[in-house]
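Take any residue in the sequence shown, count from 1 to its spot, add 40: that is its number in the numbering used here.
For each residue, glycine too, the CB sits at the ideal point set by N, CA and C.
Please read these numbers as outputs of a predicted model, since none were measured by experiment.
Worksheet for the structure shown next.
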Amino acid sequence: MRVLLSICAALLALLPAPASAWGFYAHQQTGAIAEANVSPEVRAKIRALLAYEKQLGTPDCPLKTIEDAAVWADCVRGEGWRWGYTAAWHYRTAPVCEAFNARGNCAGGNCVTAQITRAHRILADESLPPAVRLEALAFMIHFAGDVHMPLHSGDNEDRGGNDREADYGIKPGLNLHSIWDGPLAERAISDPADPVVRRYTPAERADLAGGTPDDWGRESWEIARSFVYPTAFDTDDLCSAPLPEKTALTQEDIVRGVPIAKRRVQQAGLRIADLLTSAFAPGPLVVEDDRRR
């Protein structure tokens, strides 16, 4: 029996760890939303770039579909020796107890909002090699998803909630960041009666889409400041005293957070669709004057 248990344990250890929702499932959903809301011509151009997957040299991180593209940037981070420099590109945290600064915490363009803009410009430049544009496509799609997760923008001296231990209902041992990254996002977008992957109406797109990466970061920061931290720690006075290192989200807290998380996934998907549409638009590339930034 002991031998059998040892064998079973060894086999279980070989299984892949479950993917976090905003890390994988929700990112894939943002990609699927985008694909459903671009024109057939844009979808064809995306497929044409995906054909250059092998030239990126990332066989352990497939890039065959737009859903693959939505998670590729997280996958390649596993090869830190090669891709570690991209770690800071996934977030742009700003203190929730200070005035929002859209230009802060982004030295040398090493933050999520700057990298969305950079990747979009590279993708739009048809003079560049297809493999270079494909890499930009994957980065752009993923980072546009990242900036919509509130704790990739809001911070309270805890690395975007990573240092705040939190229970998710009856499930212990998580942290505030991982809850919004994982189970809360998954619950928010898993209702078969109201799927997030579909063609959205013009009225819905007018409500959900629009804005710039800086705007999206500000929105996430505001949600972290006005909802995520106050709800998690049951306080209306977030900044007068240090927060405890541990808390718990009640079922009521989770239910209140679900529509917020869902809206962020929908916004991300539709805004990715807009980025793709503009990047693949015919005509000469319009280049902004970087000196104004």
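* **DSSP beta-bridge partners of threonine 287** => Ala206
* Which partner residues does asparagine 215 have in the DSSP bridge list? -> Glu205
* By a C-beta neighbour count over all protein chains shown, 10 Å radius and 16 as the cutoff for buried, is glutamine 68 buried or exposed? -> buried
* To do: Below 6 Å CB to CB, which residues in the same chain sit around phenylalanine 179 once its five sequence neighbours on both sides are set aside?
  => Ala113 and Ala159
* **histidine 220 vs alanine 134 beta-carbon contact at 8 Å** => Before going on, a small fix: residue 220 reads as tryptophan here, not histidine. Contact: no.
* Buried or exposed: tryptophan 121, going by 16 or more other Cβ atoms within 10 Å of its Cβ? -> exposed
* Asked: Going by Cα to Cα distance, which pick from Phe273, Ile229 and Pro322 is closest to arginine 204?
  -> Phe273
* To do: Just tell me which of Gly118, Ile181 and Glu81 has its CA closest to the CA of alanine 110.
  => Ile181
* Element boundaries [alpha helix (DSSP H), containing aspartate 247] -> 242-248
* On the premise that valine 236 lies in contact with valine 305, defined as a C-beta separation below 8 Å, what is that separation, rounded to the nearest angstrom? -> 6 Å
* Distance, serine 79 Cα to isoleucine 73 Cα -> 12 Å
* **Three-state class that DSSP yields for glycine 257 in the structure shown** => helix
* **cysteine 151 beta carbon less than 8 Å from that of tryptophan 129** => yes
* Asked: Start and end of the alpha helix (DSSP H) containing methionine 180?
  -> 170-186
* DSSP-derived helix/strand/coil call for leucine 316 -> helix
* Please state whether DSSP places alanine 61 in a helix, a strand or coil. => Unreliable placement is indicated for alanine 61, whose pLDDT of 38 sits below 50; the coordinate value is still reported in the next sentence. Helix.
* **Distance between leucine 278 and cysteine 137 (C-alpha atoms, nearest Å)** => 8 Å
* Asked: Taking just the CA atoms, how far does alanine 281 sit from threonine 105?
  -> 47 Å
* To do: Could you check what DSSP says for alanine 91 in three-state terms: helix, strand or coil?
  => coil
* Using a Cβ-Cβ cut-off of 6 Å (strictly less than) and excluding sequence neighbours within five positions of alanine 228, which residues of its own chain qualify? -> Val298, Ala301 and Lys302
* Based on Cα-Cα distance, which residue from Asp276, Leu168, Glu175 and Arg245 lies nearest to glycine 336? -> Here the chain covers residues 41 to 333 and nothing more, so residue 336 does not appear.
* From what residue to what residue does the alpha helix (DSSP H) around tryptophan 129 run? -> Tryptophan 129 -> no alpha helix (DSSP H), and no H or E assigned at all.
* Asked: Is it buried or exposed for leucine 344, if we count other Cβ within 10 angstroms and need 16 for buried?
  -> Residue 344 falls outside the range modelled here, since the chain spans only 41 to 333, and no answer is possible.
* For tyrosine 208, does the count of other Cβ atoms within 10 angstroms reach 16, so buried, or fall short, so exposed? -> buried
* Rounded to the nearest angstrom, how far is the Cβ of tyrosine 131 from that of aspartate 186, given a contact under 8 Å? -> 7 Å
* Where does glycine 194 fall in DSSP's three states? -> strand
* **Residues bridged to alanine 134 [DSSP beta-bridge criterion]** => Gly194
* Please report the residue range of the alpha helix (DSSP H) in which phenylalanine 267 lies. => Looking at the DSSP string, phenylalanine 267 is not in any alpha helix (DSSP H), and its letter there is neither H nor E.
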